[in-house]
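2 protein chains.
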Amino acid sequence: MREYYTITELTREFDVSTRTLRFYEDEGLIAPVRRGRTRLFRPSDRHLIKQIMRGKRLGFSINEIREIIQMYREPPGEVGQLKLMIKRIEEKREELRQKRRDLEETLAELDNAEEACVERLVELGVTT
Amino acid sequence: MREYYTITELTREFDVSTRTLRFYEDEGLIAPVRRGRTRLFRPSDRHLIKQIMRGKRLGFSINEIREIIQMYREPPGEVGQLKLMIKRIEEKREELRQKRRDLEETLAELDNAEEACVERLVELGVTT
DNA sequence: TTGCGAATTGACTTTTACGTAAATGCCGTG
DNA sequence: CACGGCATTTACGTAAAAGTCAATTCGCAA
């Protein structure tokens, strides 16, 4: 496991701009260390970026992603906080399950659409 | 099946504003008929709105939703167009499968996070 | 030491997806 | 027919999430 990544290495790996990574830092999603003014990204930062990109693809806002990332961290020490966190996690999971239903339905409709296209091709006598 | 829905009926059903439905009309996603200046939404419009909301929950932009909705429509008559459409549909399905992977991974991480919280509660001697 | 590319900062701009406000239209009811 | 209540149009506003640009500044190779 590499110790540090430069900002441009990560922009290439995740296909984002440096501006975007700095924006995420401003937003408190990542906190790379510095050598002088230069940012050094550790594997943990890289993993965070991976999670951010996943959240983005799923349509979560920066704030929602921030919340989700906090859920991945060490559980809090106080009982009330713990119970609250468990509740939040369960809510987020329900949201994700809804997204999954949406996803399956959309995939099913696209299946039908493709089928209809293929049938139409057959009608037109095109050999696939 | 009802013949027409009013705009407010649909805003309540889908929990969106009238502004939003008019915006979707401006964007060409729906095309309710008119009685005078008043919009009348048919079941087909209602179904479209359902599809739009699904797309939104999955994080698609208006333009992407427009594309997806076009895929649900009658297949085109010309062979080249048909083949192109099939290609587009396959691309969109691949995108959805990526989202599904993202979703499963996120759900798995949330499972872990919840587990950690529950364990922590047990350590603290809290009887769930 | 100088030069050069890569990195940083800060300010301004853009796009998307609506929100909000003002002025006005339509219509059923008392 | 006046009124209340929903609808509409037009126009401007805004928050989120970056993009873009200009002005440095660093680090290191020559």
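Keeping their order, the protein sequence lines are chains F and E. Take the first sequence: its letters are residues 1 to 128, numbered as in my numbering. Take the second sequence: its letters are residues 1001 to 1128, numbered as in my numbering. From the three backbone atoms N, C-alpha and C, an ideal C-beta is built for every residue, glycine too. Computed from a predicted structure; not experimentally measured.
Residue pairing by DSSP leaves residue 16 of chain F without any beta bridge partner.
Taking 7 angstroms as the Cβ-Cβ cut-off, the stretch 74–85 of chain F approaches chain E at 75, 79, 82 and 85, given in chain order. Of the residues F:78, F:102, F:106 and F:89, the one whose Cα lies closest to the Cα of residue 1120 of chain E is F:78. Remark: three or more beta-carbon pairs, one from each stretch, lie closer than 8 angstroms, so the stretch 1096–1111 of chain E and the stretch 97–107 of chain F are flagged as touching.
Ranking F:32, F:26, F:12 and F:107 by CA distance to the CA of residue 3 of chain F puts F:32 first.
For residue 45 of chain F, there are no neighbours in chain E by C-beta distance under 7 angstroms, as the nearest C-beta there is about 17 angstroms away. Taking a Cβ-Cβ threshold of 9 angstroms, the residues of chain F close to residue 1126 of chain E are 79, 82 and 83, in chain order.
Contact check for residue 52 of chain F against residue 72 of chain F fails: the beta carbons are separated by 9 angstroms or more. One thing to note: residue 28 of chain F has its Cβ no nearer than 9 angstroms to the Cβ of residue 54 of chain F.
Membership of residue 40 of chain F in the beta strand (DSSP E) is indicated by the continuous run 38–40. Between residue 56 of chain F and residue 112 of chain F, the alpha-carbon positions lie close to 28 angstroms from each other.
Residues of the stretch 104–122 of chain F whose Cβ lies closer than 9 angstroms to any Cβ of chain E, in chain order: 104, 105, 106, 107, 109, 110, 111, 112, 113, 114, 116, 117, 118, 119, 120 and 121. Within chain E, 1110, 1113, 1114 and 1117 have C-beta atoms less than 8 angstroms from the C-beta of residue 89 of chain F, given in sequence order. Annotation: the continuous alpha helix (DSSP H) that includes residue 1079 of chain E extends over 1079–1123.
Going by DSSP, residue 35 of chain F is part of the beta strand (DSSP E) stretching over 33–35. Listed along the chain, the chain E residues whose CB falls inside 7 angstroms of the CB of residue 24 of chain F amount to none; the nearest CB is some 17 angstroms away. For residue 5 of chain F, the pairing in a beta bridge is given by DSSP as F:41. It is roughly 50 angstroms from the alpha-carbon of residue 39 of chain F to the alpha-carbon of residue 115 of chain F. Apart from the 5 residues on each side of it in sequence, residue 11 of chain F sits with its Cβ closer than 7 angstroms to the Cβ of 17, 18 and 21 in its chain, given in chain order.
Boundaries cannot be given for residue 30 of chain F, as no alpha helix (DSSP H) includes it and DSSP labels it neither H nor E.
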